[in-house]
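Everything below concerns the one structure shown next.
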Amino acid sequence: MKLIAMCLALCLLLTMPLDAALAQSRPSTTNRPCSVNRQSVAANGAIVLGTGGYTYDRFVANRSFCEFDEGVEPAWVPSRDTPSCFIGYRCKSRDPIWRD
Numbered sequence: 008m009k010l011i012a013m014c015l016a017l018c019l020l021l022t023m024p025l026d027a028a029l030a031q032s033r034p035s036t037t038n039r040p041c042s043v044n045r046q047s048v049a050a051n052g053a054i055v056l057g058t059g060g061y062t063y064d065r066f067v068a069n070r071s072f073c074e075f076d077e078g079v080e081p082a083w084v085p086s087r088d089t090p091s092c093f094i095g096y097r098c099k100s101r102d103p104i105w106r107d
């Protein structure tokens, strides 16, 4: 019985840091000025930012942060000081799986 209790305690201790890492919040573009959002993308190369409410996306500084089969499209997001702020790019699949 003591062995089971010790195993459960150990499992709990090992999963606690994982829970904290999963609960980290991402910066929101709507709470920060356009220039700060643009600077974050440029400084990190690739970053996940919230875009309002429960939505978020991954933004990149250039194509080198995308997969080999992806291109880039301009990314415009709402920010604290402007409703449409260019902050960099989104990676986009260049070859769609299905075509019309």
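For reference, each letter of the sequence shown is one residue, going 8 to 107 in my numbering. Glycine included, every Cβ here is placed at the ideal spot set by N, Cα and C.
Take P90 as the anchor and find which of S71, R33, R39 has the nearest alpha-carbon. Comparing Cα-Cα distances from P90 to each of S71, R33, R39, the minimum goes to R39.
Just verifying my parser: in three-state terms, what is the DSSP assignment at F66? F66 falls in the strand class under three-state DSSP.
Contact set for C92: own chain, Cβ-Cβ below 8 Å, skip 5 residues either direction: Excluding residues within five positions, the ones whose Cβ falls inside 8 Å are T36, C41, N44, R45, W83, V84, P85, S86.
Let me confirm a value: I11 is counted as buried when at least 16 other C-beta atoms fall within 10 Å, else exposed. Which label applies? Burial call: exposed.
Nearest to Y63 by alpha carbon, out of S32, R101, F75? Here the closest residue by C-alpha is S32.
Since G60 sits in a beta bridge, which residues does DSSP pair it with? Paired residue(s): none; G60 is not in a bridge.
Excluding sequence positions up to five away, which residues of its chain have a Cβ less than 6 Å from the Cβ of S47? So the qualifying residues of the chain are I54.
If you drop the 5 nearest sequence neighbours on each side, which residues of the same chain put their C-beta closer than 8 Å to that of F72? Cβ-Cβ distances below 8 Å link F72 to G52, A53, C98 in the same chain, with the five nearest sequence neighbours on each side left out; the list follows chain order.
Of all the options A50, K9, P34, A49, which has the alpha carbon lying nearest to the alpha carbon of G60? Closest option to G60, Cα to Cα, is P34.
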